[in-house]
Amino acid sequence: LDPSFYFALDYDLWVRIAALAPIRYYPRTWAAFRLHRDAKSLAAADRCWPEMIRVHKRLGGGRLSVIYVKYLLRRLLEPVMPLRLHTRLWLQQWAMGRRARGDMKVE
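When you number the sequence shown by this note's numbering, it's gap-free, plus one each residue, and the end is 297.
Written out as C-alpha cells, the structure is:
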C-alpha cells in the first residue's frame, strides 16, 4: 500500500489487485458503505478526488476516462453538492419519523 494516500488508499489497493488478476463478479453483497455528514470523502472532496486522479495517472490513465470526467463534473457541481446531501439526509430523517409514527407502510 502507498502510505502517501489518505483518501484513495482503498481505491489504490483495488487498482493494484486488478492489475494482478481479473476481478470476478459474484451477485451477492460482500460489503457496504454509507454516506453521512462526517464521511471523509464527502467532508473533504476537494482533497479526495485529486488523490484518486493521482492513482489514475500513475497507471497511465488519461483525461478521456470515466474517472477523470467524473472528477471534472464533480468540480463543476461542487457548489450545489452540500445542498443535495443536506436535502437527502433531511428526507431520510423525515421518512424515518413518518415510519416511526405509523404514517408510512414499511414493505
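All C-beta atoms in this analysis are idealised placements derived from N, C-alpha and C, irrespective of residue type, glycine included.
Predicted model only: the values in this text are computed from it and were never measured.
| Can you check whether the CB of F195 is closer than 8 Å to the CB of K230? | no
| request: Take D236 and list the residues in its own chain whose beta-carbon comes closer than 6 Å to its own, dropping the five residues that flank it on each side. | output: none
| said: Between the alpha carbons of E297 and L254, how many angstroms are there, rounded? | reply: In this prediction, E297 scores a pLDDT of 49, lower than 50, which makes its location untrustworthy; the coordinate-derived value is nonetheless stated afterwards. Their Cα atoms are separated by approximately 43 Å.
| query | Taking the C-alpha atoms as reference points, what is the distance between L249 and V205? | reply | For L249 and V205, the distance between alpha carbons rounds to 9 Å.
| query | For T219, which three-state DSSP category applies? | reply | coil
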